[in-house]
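Asks:
Residue numbers (full-length UniProt numbering): 1 to 556.
1. For my contact list, residue 458 and residue 508 are in at a C-beta cut-off of 8 Å; report their separation, rounded to the angstrom.
2. Kindly identify the DSSP beta-bridge partner or partners of residue 165.
3. Take residue 209 as the anchor and find which of 552, 518 and 547 has the nearest alpha-carbon.
4. Just the Cα atoms here: how many angstroms apart are residue 62 and residue 265?
5. Evaluate the contact criterion for the region 374-383 versus the region 314-334: three or more CB pairs, one atom per stretch, below 8 Å.
6. Note down the Cα distance separating residue 537 from residue 304, rounded to an integer number of angstroms.
7. Between 454, 197 and 461, which has its C-alpha nearest residue 368's C-alpha?
8. To the nearest angstrom, how far is it from the Cα of residue 278 to the Cα of residue 490?
9. Which residues does DSSP pair with residue 463 in a beta bridge?
10. Using the beta-carbon count (16 or more within 10 Å), is residue 115 buried or exposed?
11. Residues in its own chain within less than 6 Å of residue 483 by CB, not counting five upstream and five downstream?
12. Have a look at 398, 470, 176 and 88 and flag the residue whose alpha-carbon is nearest the alpha-carbon of residue 512.
13. What span of residues does the beta strand (DSSP E) with residue 557 cover, start to end?
14. Closest by CA to residue 272, which one among 76, 410 and 198?
15. Let me know the secondary structure DSSP gives residue 354 once reduced to three states.
16. Are the CB atoms of residue 103 and residue 4 within a distance shorter than 8 Å?
17. If you compare alpha carbons, which of 552, 395 and 315 is closest to residue 436?
18. Measure the alpha-carbon distance for residue 133 versus residue 163 and round it to whole angstroms.
19. Secondary structure at residue 456, three-state DSSP: helix, strand or coil?
20. So the candidates are 295, 417 and 342; which of them puts its Cα closest to the Cα of residue 57?
21. Can you round the beta-carbon distance between residue 477 and residue 232 to whole angstroms, since I take them to be within the 8 Å contact cut?
22. Hey, which unbroken runs of the beta strand (DSSP E) at 3 residues or more fall wholly within the region 239-279?
23. At the level of alpha carbons, what is the spacing between residue 182 and residue 189?
24. Just to confirm the assignment, what range does the beta strand (DSSP E) spanning residue 447 have?
25. Measuring alpha carbon to alpha carbon, tell me which of 506, 254 and 260 ends up nearest residue 462.
26. If you run the structure through DSSP and keep just helix, strand and coil, what is residue 300?
27. Going by DSSP, name the residue or residues bridged to residue 178.
28. Select from 401, 406, 11 and 363 the residue whose C-alpha is nearest the C-alpha of residue 262.
29. So what's residue 532 in DSSP terms, helix, strand or just coil?
30. For a test of the three-state rule: what should DSSP assign to residue 322, helix, strand or coil?
31. Quick one: residues in its chain with C-beta nearer than 6 Å to the C-beta of residue 203, no 5 flanking neighbours on either side, listed in chain order?
32. For residue 545, I'd like the list of residues in its chain whose CB is within less than 7 Å of its CB, leaving aside the five on either flank, ordered along the chain.
33. Taking all protein chains shown into account, decide if residue 168 is buried (16 or more other Cβ within 10 angstroms of its Cβ) or exposed.
34. Taking the C-alpha atoms as reference points, what is the distance between residue 67 and residue 333?
35. By the DSSP assignment, the alpha helix (DSSP H) with residue 123 in it spans what residues?
36. In or out: residue 439 buried (at least 16 other Cβ within 10 Å) or exposed?
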């Protein structure tokens, strides 16, 4: 079997101008970045806003395992399959980060015969969005330190500056740094640190903003520090929201590319799925809804994190809620949740499938709590046995959830036709009646407790001393009406990554809250949340090269 990049490089790409014609986008509507990439103009975005939105399908997954689930690959294959059965379909996906690309996780362009192209460009510098976000973030850091150096008119407490610098790489050495050393001319010495670019609040803002005006207002609302009297300092106090918006004026425009089968795809934005909401941009998803009959989009990690954040944080900013949710799993992953070690996944184990099904079942139940029908998509592997598949289908029938096997990685659009038909049936006959898990009027404490008890299956929430103090403080600042963005391990419903399956009766401790007032949510931190990953012993970068003609080598 060819590698992903070999498959991608074997495809004869169509000019992006030709690809987007099928959804009513003309040459005058786009800004070209070469032959195969483009950004959509604001004029076109505005001109289609009155169109009735099409159907929205959210793709999520069970709690992720080292066995892999293939959520992005399934999203792309499903979109291709829907087009194959005659549904005018678009994709709305996230942009990859160079950190995971050069590290171990890989890119976000799909795999096999379900990819968005040109995958080399998408996984590397693409249209420069990541660099623009990095620049805007670090420009704000420079402004803050300059303000301190020039007399600190706002009375910022240098010990309570919460804005960090970023770089779009995995670099553990930058997690904790000291800036301003050397002499008085080099600024005010203070502790600082770097996050990965996708963890920047500016990334989250870019993906929730609806236009330039909204982008500027959200940037102005960022909290960067606290004064000596503990009152918050906003970007608007520094008067640089206009400059930051200027840096981002092109990055906010959605990017257009194509799949192997010529399905038009928006690939735009990619917030860190732990510290933020982990979804592609509202602008891209909304515009796709106005252009196509079906829009396929995805959320980060498992459904307890990704889908919950999509439904509670992103959906209120969209013109319509999801009409169906596809939950991706593999037989292999279910066996891991059932207690099988990774090395033994190739052996048949029906009982482990039955035990691991508890994880999938809870995700299905959770999706239904939002009033949206669920469809289970099983990403096929050659080692899956008939007995294991039969057991899974029997278990799905018991909870009345449709399940289809899909082989989009190996067979592209043809391998997703059965799944596409099941999704269409769920959309047209599922009677979706979306409702949020909580209301804005509920307190932060109530919102967190509802997520922990109703989505995770936990017993109660323990708020640490710092978190308790922040609950009082945030209420005084008027931040208690914002939605909650939970930051916990993706590997378990609990805050313990080793508790697989569907654990119950556990407690979750909230050690701290982080205000993301520009993005419009409050992050609740559980456990050790890593916002600057490190590289593995043998990073993927070791396999990468470039041929004399400029062709990428070893990029998956």
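All residues carry an ideal CB built from backbone N, CA and C; glycine is no exception. Keep in mind that this is a model prediction, so the values were computed, not measured.
Replies: Short version:
1. Sure, about 5 Å apart at Cβ, within 8 Å.
2. Residue pairing for residue 165: DSSP places it in a beta bridge opposite 194.
3. 518
4. 24 Å
5. Touching, yes, given that three or more Cβ pairs across the two stretches are closer than 8 Å.
6. Roughly 30 Å between the two C-alpha positions.
7. 454
8. Whole-angstrom Cα-Cα distance: 12 Å.
9. DSSP, once it has assigned bridges, lists 510 as partnering residue 463.
10. Residue 115 should be labelled buried.
11. 312, 313 and 521
12. When each option's Cα is compared against that of residue 512, the closest is 470.
13. In the structure as shown, the chain begins at 1 and stops at 556. Residue 557 is therefore absent and cannot be evaluated.
14. 198
15. helix
16. no
17. Among 552, 395 and 315, the Cα nearest to that of residue 436 is on 315.
18. 14 Å
19. helix
20. 295
21. 6 Å
22. 255-259 and 264-267
23. Computed Cα separation, rounded: 9 Å.
24. Unbroken run through residue 447 is the alpha helix (DSSP H), 444-450; no beta strand (DSSP E).
25. Residue 506 holds the alpha-carbon nearest to the alpha-carbon of residue 462 among 506, 254 and 260.
26. coil
27. 191
28. 11
29. Reduced to three states, the DSSP call for residue 532 is coil.
30. The answer is coil: DSSP assigns residue 322 none of H, G, I, E or B.
31. 133 and 271
32. Around residue 545: 553 and 554.
33. buried
34. 5 Å
35. Residue range 119-123 is occupied by the alpha helix (DSSP H) that includes residue 123.
36. Classification of residue 439: exposed, given that the 10 Å Cβ count is below 16.
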